[in-house]
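A quick write-up on the structure given underneath.
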Amino acid sequence: MFFESLLLIILIYLSYQDICHHEFNSVWLSLPLFIGGIFYRTPIFTICAVYILCLIINTLTNEHYIGNGDLDILAILLFYVSFYEFWIICICACSVQLVCHIIITKDILPFVPAITFGYAVILCYYYLN
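Residue numbers (the working numbering): 723 to 851.
If you want it as structure tokens, here you go:
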């Protein structure tokens, strides 16, 4: 659980950067990427294929719906969680984002805090069980 906790701390810091500046420094993702690449649970070909497909779609839509940095974080999360847990993270993140969009009526909201919340939910679930 050390690596998962370290990833959560990094995600919290990136969430802060995303809230303040609507962007974050991707250098902070290099350590979780390196650790995840060594101890990955999901086949690396699957992660790369999904990530490349998402980047292509994102480029074609001019990053209108989600930023490339958000995709980087989601791809790194695939190294740390199963596909089932990944979908729970996505559902939690999208639910939080929808509620925030209703409450804070802005056009653009940072998505990294919602992803971080979803990941924290997964970690809390496993810490409690």
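Heads up, the beta-carbon is just placed ideally off N, CA and C, and yes, glycines get one too.
Fair warning: this is a prediction, and the values are worked out from it, not measured in the lab.
Contact fails between the region 803-811 and the region 772-789, because fewer than three Cβ pairs, one in each stretch, are under 8 Å apart. Excluding residues up to 5 positions away in sequence, I732, Y735 and L736 lie with their Cβ nearer than 7 Å to the Cβ of W750 in the same chain. Look at V803 here: in three-state DSSP terms it is coil, with no helix or strand label.
N780 is not a Cβ neighbour of L796, given a cutoff of 8 Å.
Spatial neighbours of L753 in its own chain (CB-CB distance under 8 Å, excluding positions within 5 residues in sequence) are listed in chain order as L728 and I732. Just so you know, the alpha carbons of A836 and L820 end up roughly 10 Å apart.
Here the C-alpha atom of V834 lies approximately 12 Å from the C-alpha atom of A842.
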